[in-house]
Amino acid sequence: MASANAIAQIGVTGLAVMGSNIARNFARNGYTVALHNRSVAKTDALLAAHGDEGQFVRTETIEEFLGALEKPRRVLIMVKAGEATDAVIEELAAAMEPGDIIIDGGNALYTDTIRREAAMAARGLNFVGAGISGGEEGALNGPAIMPGGPKESYESLGPLLESVAAKVDGVPCCTHIGPDGSGHFVKMVHNGIEYADMQLIGEAYHLLRDALGSSAGQIAEVFTEWNSGELESYLVEITAQVLQQVDATTGEPLVDVIVDAAEQKGTGRWTVKSALDLGIPVTGIAEAVFARALSGSRAQRKAAQGLAAGTLAEKPTDAKQFTEDIRRALYASKIVAYAQGFDQIAAGSAEYDWDLHPGDMATIWRGGCIIRARFLNRIKEAYEQDPALPSLILAPYFRQAIEEAVDSWRRVVSTAVQLGIPVPAFASSLAYYDALRAERLPAALTQGQRDFFGAHTYERVDADGKFHTLWSGDRTEVRAD
Ligand code: NBP
C-alpha cells in the first residue's frame, strides 16, 4: 500500500449524485478526500466540474484508493443499496487492515447492516451503517447523518461527519445512534415518517382543491402561510413551490400535468414491515405506503372510473374556517405520525438492545433531513423533560396541541367522508387517537371470539390469570393457567 501518499482523511467510493456531493462537502470543510468509482468516468467528471473546491486525490483502483488514506482508514461507500454494496464491502475488506472503518452511507436495510457489521467485526474491521438524509442538496450543504456501529469508531469518525452535517443552533445534525444496524433502522423510520408527512400534505391539498375548489396557485399561498406557523417545515415549504410551478408546455400548473401515480423506492414499505414484526401500529405510515400503491394501481383505477359516489354533502361554505380546520387536522395527524414513528424506534431499541435515545433523533432531525421541521424542537424538549415518555402525544405541549385541534380534525374527516374525498392518513390518525384514549376497546369481544373458536383464553378485568369458557360444553368458565 503506498503509505507515503496516504494524505486523505476520508475516501468516498461511489460518485453518483450523493457520493459526489458528500465528497465535495468534505473537501469544502478542509478535508483531503480520496475519490473512487467503479467506472473512472464519474471520478473525472467530478474533478473536472468541482476539482477546485478543495483537496481531492484521484484514484482508479481499490489499492490506489486505500493507499491514499491515512490510517485507520475511513471509507464512505455511496453505491446502490443491496448487492452492489455487498460487492464493494467485500472488495474493500479484502484489502483493509484491522481498525479501518467502512461506512455505508447508502439506504441499506438495517438487517443487512446488522449482518455486515458482524461479518466485518469478525475480521477486525469497524463497520458503520450511516443513514444520510437530505437528498443531493443536503449531501452537498449539510445532511442529517445517523451513524450506527461500534462506539469506538465514532471517536475517529464523528468529528468528520459532524463537520459536514447540517447545524441547528450550532448543534450538528449527527450523533452516534447506537450499535450495528441502529443508524439505518432510525433512517428507515425517518423515511417512513416522511411518507406519512407527504401523504398528509397531499390529503390537505386534495381537500383544498376538491372541497373548496381552490386553484394550485391559491393552495400554494395557503401552504406558504402555513409555513410561517407551527407547521413550518421543509416539506410544507417545497409543497408551496411545487404548487406554484407553471408547466412551460401547457401553461397549466405543473401539478396538474404530472401523472397522479406515486412511486416508491422501498424504505416506507420496510418501515411498515418492521412495524408489523415489532407489533407497533404505525397506521399513518402504513396508510401512506398503501395510498402510494393505490395511486399506482392504474388499471384498477381506470376500470373503477364512474363508480357511484352515493349522495354527497354540500361543500363547506366558510372557506376560511375550513382551511383553518385542515391546518389543524394536518398538525394533529402529523403529531400522531411522529408519535408512532418514535414508538417504533423505542420498540426497535428494545428488540435489538440498542439503548437508543429518542431525544437524539429529534435533535438531529431538526436540520438537513427531509422531515426537518420547527416542531422537532418541541419533540426534543418533550424527551428532555421525560426521556421515558410513553407516547409523544402525552407530552404536555403535544397533548394541548391535539386537544385544541380535535374538533377541527373531526370536522375535516367527516366532511371528507361526506364529500367522497379519500383521506386515509387523516382518518386513520384520528382513529388511532380515539382508540388510544378509549376507556374500553372492542378487543374484549375479539378475545371472546378467539377463545370461542381456538380456546386462546382471555384475562378478566376483576381477577388475575388466564380464563377459558367451555364454549362447546356447558359454557362455564375454567381457569386456564
Ligand atoms: P445510485 O444509488 O444511483 O448508485 C450509483 C452508484 O453505484 C454509482 O457510483 C455506481 O457506479 C455504483 N455501483 C453500482 Br450501481 N453497482 C456497483 C457495483 N457492483 N460495484 C461498485 N459500484 C457500483 O447513487 P445515488 O443516487 O448517489 O445514491 C447512493 C446511495 O445513497 C444509495 O444507496 C441511495 O439509496 C442512497 N441515498 C440516496 C439519496 C438520494 O436522494 N438520491 C438520499 C439518501 C440516500 P458506476 O458509476 O460505475 O455505475
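Offset between the sequence shown (1-based) and this note's numbering: plus 11.
Built from N, CA and C at the ideal position, the CB exists for glycine as well.
query: What do you get for E298, buried or exposed, if any count of 16 or more other CB atoms within 10 angstroms of its CB means buried?; result: buried
query: Going by C-alpha distance, which of L223, D258, F353, A215 is nearest W237?; result: A215
query: Could you please give me the residues that DSSP links to N137 through a beta bridge?; result: I112
query: I'd like to check one pair, R377 with V179: are the Cβ atoms closer than 8 Å?; result: yes
query: In the DSSP assignment, find the unbroken beta strand (DSSP E) run with G476 in it and report its ends.; result: 474 to 480
query: Am I right that R303 and Q275 are in contact with their C-beta atoms under 8 Å? What's the rounded C-beta distance?; result: 5 Å
query: Within a Cβ cutoff of 8 Å, which residues of the same chain sit near R69, ignoring the five residues on either side of it in sequence?; result: L46, T54, D55, L58
query: Assign L481 to buried or exposed, taking buried as 16 or more other Cβ atoms, counted over all protein chains shown, within 10 Å of its Cβ.; result: exposed
query: With DSSP collapsed to three states, give me the class of E395.; result: helix
query: State the Cα-Cα distance for the pair V300 and V253, rounded to the nearest angstrom.; result: 21 Å
query: Do you know whose CA, among Y245, R448, G431, R338, lies nearest T322's CA?; result: G431
query: Would you check if the distance between the CB atom of G22 and the CB atom of R85 is smaller than 8 Å?; result: yes
query: Can you say whether L120 is buried or exposed, counting buried as having 16 or more other CB atoms within 10 angstroms of its CB?; result: buried
query: What whole-angstrom Cβ distance do G307 and A272 have, given they're in contact under 8 Å?; result: 5 Å
query: Can you tell me whether DSSP reads I375 as helix, strand or coil?; result: helix
query: Nearer than 7 Å: is that true of the beta carbon of S144 relative to any heavy atom of the ligand NBP?; result: yes
query: Have a look at A132, G213, I296, I291 and flag the residue whose alpha-carbon is nearest the alpha-carbon of G277.; result: I296
query: Evaluate contact between the segment 140 to 160 and the segment 190 to 204, counting only Cβ atoms and requiring at least three cross-stretch pairs below 8 Å.; result: yes
query: Can you tell me whether M157 sits near the ligand NBP, meaning its C-beta is under 7 Å from at least one heavy atom of the ligand?; result: no
query: T24 bridges to which residues according to DSSP?; result: H47, I88
query: Can you find at least 3 beta carbon pairs, one from the segment 201 to 214 and one from the segment 348 to 361, that sit closer than 8 Å?; result: yes
query: Name the DSSP bridge partner or partners of K178?; result: P183
query: Ends of the beta strand (DSSP E) at F67?; result: 67 to 69
query: Ordered along the chain, which non-local residues of its own chain (more than five positions away) have a Cβ less than 6 Å from that of I390?; result: A373
query: Less than 7 Å separating the Cβ of G378 from some heavy atom of the ligand NBP?; result: no
query: Just how far apart, CA to CA, sit V293 and V283?; result: 7 Å
query: With a threshold of 6 Å on Cβ separation, who are the neighbours of F353 within its own chain once the five nearest residues in sequence on each side are excluded?; result: P369, L403
query: Would I88 and I73 qualify as a contact pair, given that the criterion is a beta-carbon distance under 8 Å?; result: no
query: Under 8 Å Cβ to Cβ from E163, same chain only, skipping five residues before and after it: list those, please.; result: N137
query: Under three-state DSSP, which class holds A188?; result: According to the sequence as given, residue 188 is Ile; it is not Ala. DSSP places I188 in coil when its eight states are reduced to three.
query: How far does the beta strand (DSSP E) with M157 in it extend, from its first residue to its last?; result: 155 to 158
query: Leaving out five residues before and five after A466 in sequence, what residues of the same chain have Cβ atoms less than 7 Å from its Cβ?; result: H479
query: Cβ of M209 within 7 Å of any heavy atom in the ligand NBP?; result: no
query: Suppose you measure from the CA of A79 to the CA of N118; what does that come to, to the nearest Å?; result: 26 Å
query: What residue range does the beta strand (DSSP E) around R490 cover?; result: 488 to 490
query: Can you grab the Cα-Cα spacing for the pair M12 / Q20, in whole Å?; result: Reliability of the predicted coordinates at M12 is poor, the pLDDT of 35 falling under 50, and the value obtained from them is presented with this limitation in mind. Answer to the nearest angstrom: the Cα atoms are 16 Å apart.
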